[in-house]
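Visitor:
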Amino acid sequence: MFNLIPDDWVGYAGPWIREIAKGFNCFKFLHFRQMIVKDVDLKLLGRAQVTCSMTLMAYIHDPCDRDVMSLVCHKWYEIDALTWKYITIAFCYTTSPERLRQKFQHLESLKLKGKPRDAMFNLITDDWGGYASPWIREITEGFNCLKFLHFWRMIVKDVDLKLLA
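When the letters of the sequence shown are read in order and numbered with UniProt numbering, they come out as residues 1 to 165.
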């Protein structure tokens, strides 16, 4: 059998996308290999675009790269927020619990570090901070998928533990 189409041929995916968008809305993945796909055509397949972006985000593990990708457009920012499962906050005062809940609603694991390492050597007073109460209040209200919660060098009171139970 002969292949009459050269290997470096690039075709337009537009007609295919328009036909798929008319009647086939159950596709989970669409692959257009060696075809030109225009933005106008991708708007017809908004769902497929989101699925492809989510698939792409799942393979990027470096936090710096994910941050850059989430700046591409608002939709990628939302997809980035949906695909994060594990977060480590190195210092609990760098962000607020409300901000964490706004962006990452589907977290499975959260590591939260409170006082600096100097507190282990009694270089910081005991009443300096690192309280887990505001974080625990936000966790009980907004994180339904959370399976693991790690507090490092934080003050957790009995009232907070009752809230978590």
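Positions of the beta carbon are idealized from the N, C-alpha and C atoms, including for glycine.
Mark M120 as exposed unless 16 or more other C-beta atoms lie within 10 angstroms of its C-beta, in which case mark it buried.
Guide: As a working note, residue 120 is residue 120 in the sequence shown. Its Cβ having fewer than 16 others within 10 Å, M120 is exposed.
Visitor: Pull up the distance between the alpha-carbon of T140 and that of D65, whole angstroms please.
Guide: The residue given as residue 140 occupies position 140 in the sequence shown. The residue given as residue 65 occupies position 65 in the sequence shown. Approximately 30 angstroms between the Cα atoms of the pair.
Visitor: When the Cα atoms are used, what is the spatial distance from I5 to C145?
Guide: As a working note, residue 5 is residue 5 in the sequence shown. As a working note, residue 145 is residue 145 in the sequence shown. Legend: pLDDT at I5 = 49, less than 50; position of this residue unreliable, value from coordinates given subsequently. Roughly 50 angstroms separates the two Cα atoms.
Visitor: For K75, count neighbouring Cβ atoms within 10 angstroms of its own Cβ and tell me buried if that reaches 16, exposed if not.
Guide: Indexing the sequence shown from 1 puts residue 75 at position 75. So K75 ends up on the exposed side.
Visitor: If we count Cβ pairs, one from each stretch, closer than 8 angstroms, do we get three or more for the region 116-133 versus the region 95-106?
Guide: Verdict: no, contact absent.
Visitor: Quick one: Cα of K147 to Cα of F91, how far?
Guide: Counting from 1 along the sequence shown, the entry for residue 147 is found at position 147. Counting from 1 along the sequence shown, the entry for residue 91 is found at position 91. Taking the straight line joining both Cα atoms gives about 21 angstroms.
Visitor: Let me check understanding here. Comparing Cα to Cα, which of A132, T94, K111 and T88 lies closest to D160?
Guide: Locating residue 160 in the sequence shown gives position 160, where the first residue counts as 1. Out of A132, T94, K111 and T88, A132 has the C-alpha closest to the C-alpha of D160.
Visitor: Let's see if you can read the secondary structure: which residues bound the beta strand (DSSP E) around Y86?
Guide: Position 86 of the sequence shown holds residue 86. Taken as a continuous stretch (DSSP letters only), the beta strand (DSSP E) holding Y86 covers Y86 to I89.
Visitor: Can you have a look at L56 and say buried or exposed, based on whether 16 or more other CB atoms are within 10 angstroms of its CB?
Guide: Within the sequence shown, residue 56 is the residue found at index 56, counting from 1. So L56 ends up on the exposed side.
Visitor: For L164, count the other beta carbons within 10 Å of its own beta carbon; 16 or more makes it buried, fewer makes it exposed. Which is it?
Guide: As a first step, residue 164 is located in the sequence shown; it is residue number 164 there, counting from the start. When all chains shown are included, L164 counts as exposed.
Visitor: Going straight from the alpha carbon of C73 to that of Q102, what length do you get?
Guide: On the sequence shown, position 73 is the one that residue 73 refers to. On the sequence shown, position 102 is the one that residue 102 refers to. For C73 and Q102, the distance between alpha carbons rounds to 17 angstroms.
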